[in-house]
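A short write-up of the structure that comes next.
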Amino acid sequence: MKHKSRWISLAALISCVVVLAGLLTWWNTDLLGKDDFCDGMFSSSEVSAALEGTGRLAEEEYQQAGRSHWLRCEMKRTSRFVDSSEPHVSVTTEFLKGDEVFQSPVWQKRERMAFTEHGLAGGATRKRAWVLVPKECWGGIPLRRGSVPYLTAEVSDGRNPPQASDVTSSPEALLQLADRAAQRVIDDAGCAQNSSGRYRAPDATALTSADHHHSDRENICGKRGFMLPPDAFPTADVTLGRERTTSASGTVWACDLHLQGKGGPSLTLMTTSHRDTVAAAKRQATAKSLNNGKVVRCEQGEMYVGLWLHTRYLDLLLDEDDRHGRRPLAFLGDVLTSLAKSQAAEEEWSGCHF
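The sequence shown: position 81 = 81 (the numbering used here), numbered continuously.
Shown next as structure tokens:
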């Protein structure tokens, strides 16, 4: 009798362990979870790659507004364990100013941004990614004056704004989600045939590499002939330091210049001749002037050149301009022209209107 009772107790214990193990597996892994999310837009493997960590994948919200081709999909990774992080990713259609991804504080925490090698213009960091819908589609999407449609993917902890969240992800994984959503908008807008398939390359989400090195006054950002005027160095302790340049093979090229000086002043330069990014900047320019960018027309095509002054550098420049009674940031036009000239020479473009 005792022997039988012992076996019953053991069987009960084993059953409890099995049930507990099953619950832990269910709560903290995605075993037997959903195969896809947001009406089949994303596979579970794509979402899992963007939401790093353990826990179950869940779709929190999905909306799609027909004629406007606006969509929003929110997904998260959940866990029943105390203090476990629950990373969220939000994929959204955003109608932004043409060059806003280059000229907005939301996007300019981007010293490590990489850009697409081919296909749709796009970029990504470890917190967010963007893809620009091609210009062939803009006519079929209701747009505000000067705005263009972007698809963005952004990670957060679900409690704080993304910029205040410590959650990060793989840039490639975030770009994959933004690209998938862009393809959905392209298909739904009925403009895929107008692009002649030029955006569906197998490596459409490949990202550019980047190099880090000390700055050379005669070859700043690797652009021969590009110069920064004396006013770009507002005080004696501000000098050239280090720079990060992305590959020239991408849809966008960028250089993050980290100057030496108090507070770590820095600026970002960018150029692109990708037809969609140039068209986006031109669309904005017809509605209002571009901030720190311009479109240059040459015989071989058009290019956009721009720059972004990071906050500490901008404050330093404005303080010095005010102290000397100068027109604020008057030298920026010369910087853009010098950058455009060096880029045109590199591409062997001629007949440019700088």
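Note that the Cβ used here is the ideal one computed from N, Cα and C, for glycine as well. Source: prediction; values computed, not measured.
Give me whichever residues DSSP pairs with residue i in a beta bridge.
| i | result |
| --- | --- |
| Tyr150 | Glu94, Leu132 |
| Tyr313 | According to DSSP, Tyr313 bridges with nothing at all. |
| Glu117 | None, per the DSSP bridge assignment. |
| Met270 | Ala254, Gly306 |
| Ser156 | His88 |
| Ser43 | Asp36 |
| His214 | Arg242 |
| Leu207 | Thr116 |
| Trp70 | Ala65 |
| Gly122 | Val131 |
| Gln260 | Thr239 |
| Gly301 | Cys298 |
Within 10 angstroms of the Cβ of residue i, are there 16 or more other Cβ atoms? Answer buried if so, exposed if not.
| i | result |
| --- | --- |
| Gln343 | buried |
| Leu143 | exposed |
| Lys262 | exposed |
| Ala248 | exposed |
| His214 | exposed |
| Glu61 | exposed |
| Pro230 | exposed |
| Phe354 | exposed |
| Asp322 | exposed |
| His258 | buried |
| Thr245 | buried |
| Gly22 | Model confidence at Gly22 stands at a pLDDT of 45, short of 50, so the residue's coordinates are unreliable and nothing is read from them. |
| Asn292 | buried |
| Arg180 | buried |
| Gly66 | exposed |
| Ser45 | exposed |
| Asp315 | exposed |
| Gly122 | buried |
| Asp166 | exposed |
| Glu136 | buried |
So, with DSSP's three-state summary, where would you put residue i?
| i | result |
| --- | --- |
| Lys76 | strand |
| Val335 | helix |
| Lys127 | coil |
| Glu243 | strand |
| Lys294 | strand |
| His353 | strand |
| Arg56 | strand |
| Leu318 | helix |
| Gly225 | coil |
| Leu177 | helix |
| Val17 | Per-residue confidence for Val17 stands at a pLDDT of 45, beneath the threshold of 50, marking its modelled position as unreliable; the derived number appears in the next sentence. DSSP places Val17 in helix when its eight states are reduced to three. |
| Gly325 | coil |
| Gly190 | coil |
| Asp166 | coil |
| Gln357 | Given a span of 1 to 354 for the chain in the structure shown, any question on residue 357 remains unanswerable. |
| Glu348 | coil |
| Arg275 | helix |
| Arg145 | coil |
| Ala330 | coil |
| Ser48 | helix |
| Ser249 | coil |
Using only alpha-carbon positions, find the residue among the options that is nearest to residue i.
| i | options | result |
| --- | --- | --- |
| Ser170 | Lys223, Ala153, Phe42 | Ala153 |
| His324 | Arg297, Arg144, Thr235 | Thr235 |
| Asp357 | Ser79, Gln64, Ala204, Leu51 | Any question about residue 357 goes unanswered here, given that the chain covers just 1 to 354. |
| Phe331 | Glu86, Pro149, Phe233 | Phe233 |
| Arg72 | Gly140, Gly53, Leu177 | Leu177 |
| Val120 | Met113, Val131, Pro328, Lys127 | A small fix is needed here, since residue 120 is Leu in this sequence, not Val. The shortest C-alpha separation from Leu120 is found at Val131. |
| Ser147 | Pro161, Ala189, Lys97 | Lys97 |
| His310 | Ser79, Glu74, Pro105, Val167 | Pro105 |
| Arg128 | Gly66, Val155, Arg112 | Val155 |
| Ala124 | Ala345, Ala210, Thr337 | Ala210 |
| Leu228 | Thr116, Thr337, Ala182 | Thr337 |
| Glu243 | Pro265, Pro328, Thr116, Gly158 | Pro265 |
| Thr116 | His274, Lys294, Glu348 | His274 |
| Arg56 | Ser68, Met75, Ala345 | Met75 |
| Thr277 | Val335, Met113, Pro134, His69 | Pro134 |
| Ala345 | Glu299, Ala279, Tyr150 | Glu299 |
| Ser90 | Ala173, Leu240, Ser79 | Ala173 |
| Ala189 | His212, Pro149, Ala204, Thr205 | Pro149 |
| Gly222 | Ala206, Leu51, Leu339, Met113 | Leu339 |
| Val101 | Asp334, Ala281, Thr78 | Ala281 |
| Gly351 | Lys294, Leu329, Gly301 | Gly301 |
| Ala58 | Ala182, His69, Pro87 | Pro87 |
| Gln260 | Thr251, Gly241, Arg327 | Gly241 |
I'd like to know whether the C-beta of residue i is nearer than 8 Å to at least one C-beta of chain D.
| i | result |
| --- | --- |
| Gly98 | No chain D is present in this structure, which holds just one protein chain. |
Do the stretch 305 to 320 and the stretch 264 to 274 meet, that is, are 3 or more Cβ pairs less than 8 Å apart?
As far as the Cβ criterion goes, the stretch 305 to 320 touches the stretch 264 to 274, which means the pair count is three or higher.
With three or more C-beta pairs closer than 8 Å as the rule, is the stretch 312 to 320 touching the stretch 216 to 224?
Taking a cut-off of 8 Å for Cβ pairs, the stretch 216 to 224 and the stretch 312 to 320 do not touch, as fewer than three such pairs fall below it.
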